[in-house]
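Student:
Residue numbers (the numbering used here): 389 to 1107.
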């Protein structure tokens, strides 16, 4: 990253551009204001830091991505001191996390009281199936993985099962497309490769949403469901506006008609989103049906993989299942509907009301889950690794594991080229090789982005030089060739190269009837458990469904394994939605709690966030500013060092970009160091010592002390 040599010029630019948010104590906000020149220059001069050109550009030109006012970016009062509580008692911390899911129950009750938009969605999906139109679900990041789950975990397995029942399929076939399993496309920004990790630059482009819409052959008349956790994701907004433009292209546009085809699902109140131009275009558009699922702040500040994506997953999947029930109910008897997995005729409201019972069942598992949370945290703290094994729940398990990386600044999933394991977690499934594993995962061949479709529009239409460079670089990592880099198979090659070692952890996740397979000596779950026992690793089992664990598991595992059971009925759950949503909540709470035990959460803030896009750069900046100003306002600090003006948003951003550049060049030595932690410690130690610490010096403190311990003791003693 380039630096301008003129500190004075950069300071002046910052003063002109400042849209700084001052924080007086953590969480107390005052309006945006300019920062006096002397004060602005003071911290940067102390650090010997000239803001990079990227930082100046972000402060001046990227205000539409500085999202601190959104409800999903606020701290939830129920989990305010999560990191402290979970260190003392894992079960208590897990209870805190799951208490926030009560907000979902409340929102679903309100939603069913005013169900017009939901009914429009269900009807649209029903008519799309009957008229053999495409249903296109599109998202980015966590909601992109949601879209993949709709296709690969719910839609495709259901229709495969229907086709395998010749008697049922004979009656249904005249009603639907012969390739009905292909009629729902779940797509995410960046294609299938983005399931592994984000592709920098893509999320911030409306252009890519439009291009993927065309690439997947979505046409006027198809049903388009665009899902964004925050309601401001550029790529998702680009997709829904691109679909709208298809209707406007011939000059004849009837909003009443397009509202029955185009849907925008999001999780922030409209009044919080209206200041952002891109969001306002959708919210004020009469031709798009909006489904607002705002539940409030997330259990971890900004971690929309949790409550926001949970409610979106449950609502959209329930709408799809309801629509399919209506389609099949036209030709199947009640007895035949039961064979297809449906219970008594059910409404969308009844399906959504079932969420409360799912949450209750997850809560019942907490005592057993706490043991696994402690064990997995100990595994990583001891320098060991985990491997999760899944079949029916593969996508749910995979999503939780891969989302740990950007949320907690961990190494992403290892590629096959890695000589040894770096990522703490890996996921295996019953497959003979990498290609077979992808097929088991997706239910179809891998689907990347073809460079010849995207490169020319990127070069011609992206005006921002930083975004253009990032997008073109990411495009190199988004093609079909990427599937060869990742192998999830429980096969000889993986066992040899990445198999379990002593004190590693193996976790078997089972859904529906899979628990019964543990009683079969040659079943994949049984062989997986045996492999881990043979190599001196620990083993845990998680099951969702009515099947109980077979007796004698202690003999299989060589000791008392951790058993976690979610007793979720499979009756009337033909898509397996209740099981997968229950597993999602359980795994999200578990992975968050264990990372908090490892010091990767401060309070309930995402201090280890990876600033990989414009939104996350804004979040990281806000966290740096918030935590630094919280310390500066502490009575102990003021008593020892006197009062100091709060740092500005611009100052925090300049330090952050310096940390990004520093750590980018030290991937091999800095490991999983978070830019936020490095920046906070560099600022506070520089002020405490009255001299500018280098990034290398700050990194030494991060390694020796850690951010949590540092913040806990900074007002008392030197680190």
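A virtual CB, placed ideally from N, CA and C, is assigned to each residue, including glycine. Quick caveat: nothing in here was measured; it's all calculated off a predicted structure.
1) Mind checking whether residue 760 and residue 456 have CB atoms under 9 Å apart?
2) How far does the beta strand (DSSP E) with residue 1015 in it reach, from first residue to last?
3) For residue 1077, count the other beta carbons within 10 Å of its own beta carbon; 16 or more makes it buried, fewer makes it exposed. Which is it?
4) With distances taken from CA atoms, which of 880, 893, 737, 669 is nearest residue 772?
5) In chain order, what residues of the same chain have a beta carbon less than 7 Å from the beta carbon of residue 886, not counting five sequence neighbours either side?
6) When the Cα of residue 981 is compared with those of 441, 481, 458, which residue comes out closest?
7) Which one of 464, 441, 434, 431 has the shortest CA to CA distance from residue 994?
8) Sort out for me which residues DSSP pairs residue 816 with in a bridge.
9) Are there 16 or more other CB atoms within 10 angstroms of the CB of residue 637, so buried, or fewer, so exposed?
10) Does the beta-carbon of residue 1026 have 16 or more other beta-carbons within 10 angstroms, so that it is buried, or is it exposed?
11) Measuring alpha carbon to alpha carbon, tell me which of 922, 927, 935 ends up nearest residue 907.
12) Helix, strand or coil for residue 492, going by three-state DSSP, please let me know.
13) For residue 782 and residue 1071, what's the separation of their Cα atoms in angstroms?
14) Can you round the beta-carbon distance between residue 1041 and residue 446 to whole angstroms, since I take them to be within the 8 Å contact cut?
15) By the three-class DSSP mapping on this structure, what secondary structure does residue 575 have?
16) Would residue 899 and residue 938 qualify as a contact pair, given that the criterion is a beta-carbon distance under 9 Å?
17) Check residue 977 in the structure and name its three-state DSSP category.
18) Quick check on residue 1036: buried or exposed, where buried means 16 or more other Cβ atoms within 10 Å of its Cβ?
19) Between residue 584 and residue 801, which are expected to be in contact by the criterion C-beta below 8 Å, what is the C-beta distance as a whole number of angstroms?
20) From residue 435 to residue 1083, what does the alpha carbon distance come to, in whole angstroms?
21) Consult DSSP for residue 661 and reduce its assignment to one of helix, strand or coil.
22) Exposed or buried, what is residue 425 when buried is set at 16 or more other beta-carbons lying within 10 Å of its beta-carbon?
23) In chain order, what residues of the same chain have a beta carbon less than 8 Å from the beta carbon of residue 471, not counting five sequence neighbours either side?
24) How would you write the range of the alpha helix (DSSP H) that residue 1050 sits in, first residue to last?
25) Exposed or buried, which one is residue 640 when buried takes at least 16 other CB atoms within 10 Å?
26) Take the Cβ of residue 888 as the centre, count every other Cβ of all protein chains shown within 10 Å, and call the residue buried at 16 or more, exposed below.
27) Quick one: residues in its chain with C-beta nearer than 6 Å to the C-beta of residue 841, no 5 flanking neighbours on either side, listed in chain order?
28) With distances taken Cα to Cα, identify the nearest neighbour of residue 573 among 832, 838, 929.
29) Could you pull the DSSP bridge partners for residue 899 from this structure?
30) Under 8 Å: does the beta carbon of residue 768 sit that close to some heavy atom of the ligand SAM?
31) Leaving out the 5 sequence neighbours to the left and right, which residues in its chain are closer than 6 Å to residue 613 when beta-carbon positions are compared?
32) Do residue 617 and residue 684 have their C-beta atoms closer together than 9 Å?
33) Taking the alpha-carbon of residue 633 as reference, which of 551, 676, 914 has the nearest alpha-carbon?
34) Quick one: residues in its chain with C-beta nearer than 6 Å to the C-beta of residue 807, no 5 flanking neighbours on either side, listed in chain order?
35) Can you list, in chain order, the residues of its chain whose CB lies under 6 Å from that of residue 953, leaving out five sequence neighbours each side?
36) Report the partner residues of residue 651 according to the DSSP bridge assignment.
Tutor: Straight from the coordinates:
1) Taking C-beta atoms as the reference points, residue 760 and residue 456 fail to come closer than 9 Å.
2) Where residue 1015 is concerned, there is no enclosing beta strand (DSSP E), although the alpha helix (DSSP H) it sits in stretches over 1002-1020.
3) exposed
4) 893
5) 809, 814
6) Taking each of 441, 481, 458 in turn and checking the Cα distance to residue 981, the smallest one comes out for 481.
7) 464
8) 777
9) exposed
10) exposed
11) 935
12) helix
13) 43 Å
14) 6 Å
15) strand
16) no
17) helix
18) buried
19) 6 Å
20) Using only the alpha carbons, I get a separation of about 10 Å.
21) helix
22) Low confidence applies to residue 425: its pLDDT is 37, below 50, so where it sits in the model is not reliable, and the reading given next is rough at best. Flag for residue 425 reads exposed.
23) 984, 987, 989, 990, 991, 992, 1096
24) 1037-1052
25) exposed
26) buried
27) 603
28) 832
29) 932
30) In terms of ligand content, the structure shown is empty, and the ligand SAM therefore cannot be addressed.
31) Contacts found: 525, 651.
32) no
33) 676
34) none
35) 931
36) 613, 677
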